[in-house]
Amino acid sequence: MAEPQPPGWSYQLSPLLVLSTRSHPSGAETGERVVLVGRGEAFPPGHPTTRLCLDLLREALPAVAVTRMLDVGCGAGILSLAAAALGVPRVVGVDISRPAARTTWQNAKNNGLAGPILTVQGSTECLKAGFDLVVANLPWEVQLDKIPELDRLAAPAGRLILSGFRDNQESLLLESYLKLGWSLQRRLTWDFHHPELPRDLSFTWSAWLLGEAAPA
3 MAEPQPPGWS YQLSPLLVLS TRSHPSGAET GERVVLVGRG EAFPPGHPTT RLCLDLLREA
63 LPAVAVTRML DVGCGAGILS LAAAALGVPR VVGVDISRPA ARTTWQNAKN NGLAGPILTV
123 QGSTECLKAG FDLVVANLPW EVQLDKIPEL DRLAAPAGRL ILSGFRDNQE SLLLESYLKL
183 GWSLQRRLTW DFHHPELPRD LSFTWSAWLL GEAAPA
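With the working numbering applied, the sequence shown has no gaps in its numbers, which climb one by one up to 218 at the end.
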């Protein structure tokens, strides 16, 4: 499957809720609310790992009550916007990039979601623990470095949504979380192939939902 790079990206978050880079996305139905995503200098919203995280977020939120969510490496704030639009009362988006944090804040303000969304420019080390859901769409090397920190930030019985890595990078990362008492509850994948690249350069993106391991 080719990596999606449409001129106007959109994602159906719920029957009456659409995330989009266009104020009037094609195919939108009357009565649907459009949460407009301004890209700024952040990562393109059409990346497969963004879609995988949105899919897991859409599944995870109705299953267990989430009152506080953390979006690590928030970029344009897509995951923060999605969570707030779906009713999470407090969402914290954190990014070491000032332009990214500014874009998230502006997107929240433009969509009337500045109330539930708090944007922080800096590292997660400045945050206190206690998030019901921690979402981190980060490169594999950063994921490895952040294992203890993401574990710290999750509340007891909290959950993690992780992506940004390939299927051949999962083993070490998963082993580390299992040792900390996490369990893999859901795994989604997205096969990637760019039409202009040789076929042998194809690979598979992965995303996980991790939860508390069941008692032995």
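We treat Cβ as the ideally placed atom computed from N, Cα and C, and that holds for glycine.
{"Item": "Cβ neighbour criterion (16 or more within 10 Å) applied to K181", "Value": "exposed"}
{"Item": "Given L81 as reference, the closest of A65, R100 and P118 once Cα atoms are compared", "Value": "P118"}
{"Item": "Between the CA atoms of R104 and P197 - distance to the nearest angstrom", "Value": "34 Å"}
{"Item": "At least three beta-carbon pairs within less than 8 Å, the region 132 to 141 to the region 58 to 78", "Value": "yes"}
{"Item": "Neighbourhood of Q108 by C-beta, 7 Å cutoff - its chain only, sequence neighbours within 5 removed", "Value": "G40"}
{"Item": "Completely contained beta strand (DSSP E) runs for the region 101 to 181, where each covers 3 or more residues", "Value": "119 to 123, 133 to 139 and 156 to 168"}
{"Item": "Per DSSP, cross-strand counterpart(s) of Q2", "Value": "This structure cannot speak to residue 2, because the chain is shown only from 3 to 218."}
{"Item": "Integer Cβ distance of I163 from G124, believed to fall under 8 Å", "Value": "Contact flag wrong, Cβ pair sits at about 21 Å."}
{"Item": "Limits of the beta strand (DSSP E) - the one that L72 falls within", "Value": "R70 to V74"}
{"Item": "Anticipated Cβ contact below 8 Å, L88 with S165, distance rounded", "Value": "With 8 Å as the limit, L88 and S165 do not qualify as a contact, their Cβ atoms being about 18 Å apart."}
{"Item": "Neighbour-count burial assignment, P50, 16 or more Cβ in a 10 Å radius", "Value": "buried"}
{"Item": "E214 - DSSP class collapsed to helix/strand/coil", "Value": "strand"}
{"Item": "Nonlocal neighbours in the same chain, by C-beta distance under 8 Å from L176, ignoring five residues either side", "Value": "L186 and W210"}
{"Item": "Per-residue DSSP class, three states only, for R41", "Value": "coil"}
{"Item": "6 Å CB neighbourhood of V93 in its chain, flanking five on each side removed", "Value": "M71, S82, A85, A86, P118 and I119"}
{"Item": "L59 beta carbon less than 7 Å from that of V37", "Value": "no"}
{"Item": "Where the beta strand (DSSP E) containing S185 begins and where it ends", "Value": "W184 to F194"}
{"Item": "Secondary structure of I82, DSSP reduced to three states", "Value": "Going by the sequence as given, residue 82 is Ser instead of Ile. Three-state result, S82: helix."}
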